[in-house]
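What follows is a set of notes on a single structure, which appears directly below.
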Amino acid sequence: MFSFLNKDQTTGEVEERQLDETNIPAHVAIIMDGNGRWAQQRHLPRIAGHKQGMNTVKTVAMAASNLGVKVLTLYAFSTENWKRPSAEVNYLMKLPVDFFGTFVPDLVKNNIRVKVMGYTDQLPAATQKAVNDAIADTKDCTGMVLNFALNYGGRAEIVTAVQKLAEQVQTGQLTATDIDDDAIDRELMTADLGELRDPDLLIRTSGEERLSNFMLWQVAYSEFVFTQQHWPDFDQTALEQAIYEYQQRHRRFGGLATDNTK
Ligand code: IPE
Ligand code: IPE
Ligand code: MG
-8 MFSFLNKDQT TGEVEERQLD ETNIPAHVAI IMDGNGRWAQ QRHLPRIAGH KQGMNTVKTV
52 AMAASNLGVK VLTLYAFSTE NWKRPSAEVN YLMKLPVDFF GTFVPDLVKN NIRVKVMGYT
112 DQLPAATQKA VNDAIADTKD CTGMVLNFAL NYGGRAEIVT AVQKLAEQVQ TGQLTATDID
172 DDAIDRELMT ADLGELRDPD LLIRTSGEER LSNFMLWQVA YSEFVFTQQH WPDFDQTALE
232 QAIYEYQQRH RRFGGLATDN TK
């Protein structure tokens, strides 16, 4: 049993809660939102929020790994985030260089393997190098997969998959009727995660309740938890609270719960 101190976000009441170790979500995905607002509240430039958010990534990656999460997917930069001012985009592109530059030894020590999904060929050369080095340096780790969605968009991912399937039909490797759920899964950026490809739990911080083009196919049956904290304020307890909430849900996948009152 993992126990943690839950703090009620409205009443401030603290109580000890237990997590069920046998029901830890295997794949947790997080839309890390609210860095800018965290900074603005402190009269700091937005990039100060991104910097603090990077530290939260370290804390949460360790916490998830210790809880037994198998895949932690973090939405770090969307295909739409290029619309932001270039100074902010440049800063965000430098963060992986800082992050991996300092954190890879800890990742290796904790047996955490880095994966990246997204259109990485469009990233600046230094960012690509940081990402590729981190993947190479952690390739033999067999514990949690830390999966960064970097220049990722759910629609673009589906478009690319459809294009690949169309090419396979054109070259006669596939017929149109061969295209099923499995065929699409095989062409998505989560294909190498196998059975762990779909998030069990999706968390979005900072109060927004939307997907913003994140893992549109894979979240078909994910449980969603929205938290009020801005990402830089998210921590181990917040992750445990979200997992606790997940453990109170009854996943039915379109069927019926074994106890049909739920
Ligand atoms: C999330 O924080 C980080 C990225 C999207 C890169 P934001 O930068 O979106 O912060 P807010 O939503 O403006 O507060
Ligand atoms: C989603 O957050 C993208 C990431 C967290 C990387 P945004 O802040 O870009 O989303 P919107 O614009 O509020 O929908
Ligand atoms: Mg945002």
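Mapping to our numbering: the sequence shown position 168 is 159, numbers consecutive.
Think of the CB as a built atom: it goes at the ideal place given N, C-alpha and C, for glycine as much as any other residue.
The three-state reading of DSSP puts Gln113 in helix, counting H, G and I together. In chain order, the residues with a C-beta atom nearer than 5 Å to some heavy atom of ligand 1 are Asp24, Gly25, Asn26, Gly27, Arg28. Restricting attention to Thr228, Val80, Ala152, the CA atom closest to the CA of Ile38 is found in Val80. Check the Cα spacing between Val95 and each of Thr70, Glu71, Ala78, Ile126: the tightest is with Ile126. Runs of the alpha helix (DSSP H) lying entirely within the segment 169 to 243 and spanning at least 4 residues, in chain order: 172 to 178, 227 to 238. Partner residues in the beta bridge of Ala20, as assigned by DSSP, are Thr64, Leu193. By the criterion of a C-beta distance shorter than 8 Å, Phe244 is surrounded in its chain by Tyr212, once the five residues flanking it on both sides are discounted. Within its own chain, the residues whose Cβ lies closer than 6 Å to the Cβ of Tyr110, once the five positions on either side in sequence are excluded, are Asn142, listed in chain order. In the same chain as Arg195, and ignoring 5 residues on each side of it, the C-beta atoms closer than 7 Å to its own belong to Ile22, Asp24, Phe217, in chain order. Exclusion of Ile38 from the 7 Å shell around ligand 2 follows from its C-beta lying no nearer than that to any non-hydrogen atom of the ligand.
The distance from the Cβ of Gly145 to that of Trp208 is about 7 Å, consistent with a contact at the 8 Å cut-off. For Tyr82, the distance from the CB to the nearest heavy atom of ligand 2 is not below 7 Å. Between Ala55 and Val19 the beta-carbon gap is near 6 Å, inside 8 Å, which marks them as a contact. Nearest in C-alpha terms to Glu199, of all of Phe(-7), Asn26, Ile175, Val5, is Asn26.
Relative to ligand 2, the beta carbon of Ser77 is positioned no closer than 7 Å to any heavy atom.
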